[in-house]
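Undergrad:
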Amino acid sequence: MEAGDVWWDAELFSGAPDWKAMQAMAAPSLTAEEQAFLDGPVAELCDRLDDWRIAAIDMDLPPDIWDFLKREKFFGMIIPKAHGGLGFSAYAHSEVVKRISTRSVTAAVTVMVPNSLGPGELLLQFGTDEQKQHWLPRLADGSEIPCFALTSEEAGSDASAMVDSGIVCRRMVDGREQLGISLTFSKRYITLAPIATVLGLAFKLRDPDHLLSDEEDRGITVALVPTDTPNLQHGRRHLPSMQAFQNGPVSGEDVFVPIESIIGGQEQIGQGWKMLMAALAAGRGISLPSLATAAACLGARATGAYARVREQFGIPVGKFEGVKERLGRLAGTAYLLESARRFTCAGIDQGHHPSIVSAIMKYHATDRMREAVNDTMDVHGGKTIIDGPLNWFGSVYRSVPVGITVEGANIVTRSLIIFGQGATRDHPYLIDEMAALSSDDEEGLAAFDDVVWKHAAHIMGNLARSMTSAWSGGAFASAPKAGPVKRYYKQMSRYSAALATAAEGALIAIGGGLKRKEAVSARYGDILAELYLLSAVLKRWQDDGCLNEDLPLVEWACETGFSRIEDRFDAIFVNFPVPVLDKVLRAVTLPFRSHPRGPTDECIFACADAILKSGAQRDRIACGVHEGPPDASLSKLEVALDLVEKIQPLRDRRRKLGADALNEAEKQALAAAEEAVAAVIAVDDFDPDELTGVLAGRRKMEEEQKPSLDQPARKPVPSM
1 MEAGDVWWDA
11 ELFSGAPDWK
21 AMQAMAAPSL
31 TAEEQAFLDG
41 PVAELCDRLD
51 DWRIAAIDMD
61 LPPDIWDFLK
71 REKFFGMIIP
81 KAHGGLGFSA
91 YAHSEVVKRI
101 STRSVTAAVT
111 VMVPNSLGPG
121 ELLLQFGTDE
131 QKQHWLPRLA
141 DGSEIPCFAL
151 TSEEAGSDAS
161 AMVDSGIVCR
171 RMVDGREQLG
181 ISLTFSKRYI
191 TLAPIATVLG
201 LAFKLRDPDH
211 LLSDEEDRGI
221 TVALVPTDTP
231 NLQHGRRHLP
241 SMQAFQNGPV
251 SGEDVFVPIE
261 SIIGGQEQIG
271 QGWKMLMAAL
281 AAGRGISLPS
291 LATAAACLGA
301 RATGAYARVR
311 EQFGIPVGKF
321 EGVKERLGRL
331 AGTAYLLESA
341 RRFTCAGIDQ
351 GHHPSIVSAI
361 MKYHATDRMR
371 EAVNDTMDVH
381 GGKTIIDGPL
391 NWFGSVYRSV
401 PVGITVEGAN
411 IVTRSLIIFG
421 QGATRDHPYL
431 IDEMAALSSD
441 DEEGLAAFDD
451 VVWKHAAHIM
461 GNLARSMTSA
471 WSGGAFASAP
481 KAGPVKRYYK
491 QMSRYSAALA
501 TAAEGALIAI
511 GGGLKRKEAV
521 SARYGDILAE
531 LYLLSAVLKR
541 WQDDGCLNED
551 LPLVEWACET
561 GFSRIEDRFD
571 AIFVNFPVPV
581 LDKVLRAVTL
591 PFRSHPRGPT
601 DECIFACADA
611 ILKSGAQRDR
621 IACGVHEGPP
631 DASLSKLEVA
641 LDLVEKIQPL
651 RDRRRKLGAD
661 ALNEAEKQAL
671 AAAEEAVAAV
681 IAVDDFDPDE
691 LTGVLAGRRK
701 MEEEQKPSLD
711 QPARKPVPSM
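Take full-length UniProt numbering: the last position of the sequence shown gets the number 720, and nothing is skipped along the way.
Printed below as a string of structure tokens:
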């Protein structure tokens, strides 16, 4: 969605989505080798994971799991085969992370971080040939474990405010003078830091003695630092929402590394911000959306089955309309997130690196994950509140704040990045106008005149398109031949034209001050995001074969999205900071609301029914969930669902004719089903002494982690 890098051609300011181009996009697919990895090592890993023991007892992956991850090259999925990695596509990478996430968030985070955030990704994009040849094979086979140290103690979301410093200097090393960098830093929240062997470190480089150039402040730079380098210190572990993945602080004072440690060499000095944005894009576009989709799919699968086998007042709880509301939203959310995950991976695999799309996915996938997880917990009730091996969702619930916070906090992503960056990146003329204005010669002025007239014609075209679509309710908006979903394409074309016109109005009226109008900017970003997500839904419906039985899911997504879009437009106009213009924009973009209510009860209940029974549709909605070995609680739930569905005719006959109407074999089948249901609705309990022992162990750990009175305080990082 960026100028020059567009694979979904409904750009922010185009107002005219190229639906034919979108429909022509190839659906993502796995190679035979990638599918074999999912069916083999990934399935074996998932079967071996005991998330309760990992998170509640060991607080780490077992040693044999670490060995397995290294041996099977889970840490080298993105590394090309030429460097010893697996060379997987973005879609395969996403599939692996999603599948593991349905069994253990700790294992998923452990796998996804080396593949999406840090040295591996940075080396592939920016590293020198020598750096790639040295580090990539070691990262691929797990002999080196990477982490990426970005977040400073003083600077969180504002990475540019970091005070971690590097001073260019000369040192005697092994008897010879060497040009290098003296690093002083203090980072925290660094995943894999406690066990990492190599650190990707972001810092501000200074050259006070002008050993490299006449410039003293060289800007944010990224270097690779082996963690056994003298003066580098691993801190003690953090516990992020009681998740057991390795995370902690790392610091150092006067840590000397050679100048060749800079990723990309001296040519990449000062290019750290570009590197950081590129590295974060993978996590935003692949890893976190995969984890979020996994949570929604797991929630839909488990909640649908549980609501079918769990009864109150003599009927399945999933038959109550209040519960159906939650189930319908769960099914619709799972379908939407899976659609967007596939759509985004397809674009990345075609060679695009859409940072705005990645920001959309990071915010909206994790935010909707939170809603899906809450719905799951509400329907399950006490089943997922009581912790223990029988609880298949408690750990997922606790992990939600991690996804919301990391790799760009959601508030910042929504308020500043999606529209804030998109307004500059996606505009077809704004950058050229700025460049022309910066030139004061005649050629520059002539270029400015030319681009301004083109911009004006562009605005008038969008204005005409927007008014026509708005006042006709989308009747004259463009749409491809798409059968029963053509009406949704028309509405999206209508909203796209309205967004383009309203965004131009904001840029003209507010200009650079729009960055400070974060609430307004966020609402524009929400509209853009809804259009992207709904495009993914329509593309998935096409890719899946235009199945009529999935139309309620498409309807739920579109009607929910259209209602949100109109809510955001209304909020923009009500709060628009320029008087009168708000009324003009409303008149030409959204003079009346056509989708104020969202999906109907009939649509919501149809979505709910789709996950209350086993079958191909439920498998499509809640796809990619690994149930675990036969003794796993989720596997037992699936068995109970199957038995309950099979014996339903027997229950109906018994209710109508009495128990004598059943033969002995049928009575045994009923008893087996009831026993299976009792097993899955059961919750864990513990011997008091056992819990006391666990608590005592944790108290001891807490005491050990308290700083002693004679322990020297860490020296603060000097400001620059």
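The C-beta atom is built at its ideal place from N, Cα and C for all residues, glycine as well.
1) For the alpha helix (DSSP H) that residue 366 lies in, which residues bound it at each end?
2) So what does DSSP say about residue 187, is it helix, strand or coil?
3) Determine the direct distance from the alpha carbon of residue 265 to that of residue 169, and round the result to whole angstroms.
4) Since residue 254 and residue 182 should fall inside the 8 Å C-beta cutoff, what is the C-beta to C-beta distance between them, to a whole number of angstroms?
5) Below 8 Å, how does it come out for the stretch 123-142 and the stretch 318-333: are there three or more Cβ pairs, yes or no?
6) Look at the alpha carbon of residue 329 and the alpha carbon of residue 611, and state the distance between them as a whole number of angstroms.
7) Identify whether residue 234 lies in helix, strand or coil by the three-state DSSP scheme.
8) Which residues does DSSP list as the beta-bridge partners of residue 181?
9) Rounded to whole angstroms, what is the Cα-Cα separation between residue 613 and residue 532?
10) Let me check understanding here. Comparing Cα to Cα, which of 206, 262 and 403 lies closest to residue 217?
11) Measuring straight from C-alpha to C-alpha, what distance separates residue 166 and residue 203?
12) Would you check if the stretch 15-27 and the stretch 524-541 touch, i.e. whether three or more CB-CB distances between them fall below 8 Å?
13) Kindly confirm or deny that the stretch 169-178 and the stretch 228-239 touch, where touching means at least three C-beta pairs closer than 8 Å.
14) Am I right that residue 520 and residue 506 are in contact with their C-beta atoms under 8 Å? What's the rounded C-beta distance?
15) As a quick exercise: from 302, 578 and 348, pick the residue whose alpha carbon is nearest that of residue 511.
16) Could you have a look at residue 667 and say whether DSSP puts it in helix, strand or coil?
17) Could you tell me which uninterrupted beta strand (DSSP E) segments, each at least 3 residues in length, are contained entirely in the stretch 183-228, listed from first to last along the chain?
18) Spatial neighbours of residue 598 within its chain, please: C-beta separation below 6 Å, excluding the five flanking residues on both sides.
19) How far does the alpha helix (DSSP H) with residue 345 in it reach, from first residue to last?
20) Do you know how far the Cα of residue 459 is from the Cα of residue 433?
21) Given a cut-off of 8 Å on the beta-carbon distance, is the pair residue 334 and residue 372 in contact?
22) With distance defined between alpha-carbon atoms, name the residue in 226, 411, 634 and 116 nearest to residue 252.
23) What did DSSP end up calling residue 249 once you bin it into helix, strand or coil?
24) Whole angstroms is fine: what's the gap from residue 549's alpha carbon to residue 220's?
25) Nearest by alpha-carbon distance to residue 19: which of 477, 683 and 669 is it?
26) Tell me the rounded alpha-carbon separation between residue 331 and residue 384.
27) Ordered along the chain, which non-local residues of its own chain (more than five positions away) have a Cβ less than 8 Å from that of residue 421?
28) Can you find the residues in the same chain that come closer than 7 Å, C-beta to C-beta, to residue 568, ignoring five residues on each side of it along the sequence?
29) Might you give, ordered along the chain, the residues of its own chain that have their beta carbon closer than 6 Å to the beta carbon of residue 41, omitting 5 neighbours on each side?
30) Tell me the start and end of each unbroken beta strand (DSSP E) in the stretch 104-169 that is at least 3 residues and wholly inside, in chain order.
31) Which residues share a DSSP beta bridge with residue 312?
32) Pick helix, strand or coil for residue 48, following the three-state DSSP scheme.
33) DSSP on residue 176, reduced to helix/strand/coil?
34) Sort out for me which residues DSSP pairs residue 262 with in a bridge.
35) Quick one: what does DSSP say residue 89 is sitting in, helix, strand or coil?
36) Just to confirm, is the Cβ distance from residue 243 to residue 370 under 8 Å?
TA: Judging by the given coordinates:
1) From DSSP, the alpha helix (DSSP H) with residue 366 extends over 355-380.
2) strand
3) 16 Å
4) 5 Å
5) no
6) 11 Å
7) strand
8) 168 and 257
9) Using only the alpha carbons, I get a separation of about 30 Å.
10) 206
11) 6 Å
12) yes
13) Fewer than three beta-carbon pairs drawn from the stretch 169-178 and the stretch 228-239 are found closer than 8 Å, and the two stretches are therefore not classed as touching.
14) 7 Å
15) 578
16) helix
17) 198-206 and 217-226
18) 559, 560 and 563
19) 321-349
20) Because the pLDDT at residue 433 is just 45, under 50, the model does not fix this residue reliably, and the value given afterwards should be weighed accordingly. Taking the straight line joining both Cα atoms gives about 14 Å.
21) Closer than 8 Å, so yes.
22) 226
23) strand
24) 53 Å
25) 477
26) 19 Å
27) 355, 356 and 359
28) 523, 526 and 527
29) Same-chain partners within the cutoff: 72.
30) 146-149
31) 315
32) helix
33) Taken through DSSP and simplified to helix, strand or coil, residue 176 comes out as strand.
34) 223
35) Reduced to three states, the DSSP call for residue 89 is coil.
36) no
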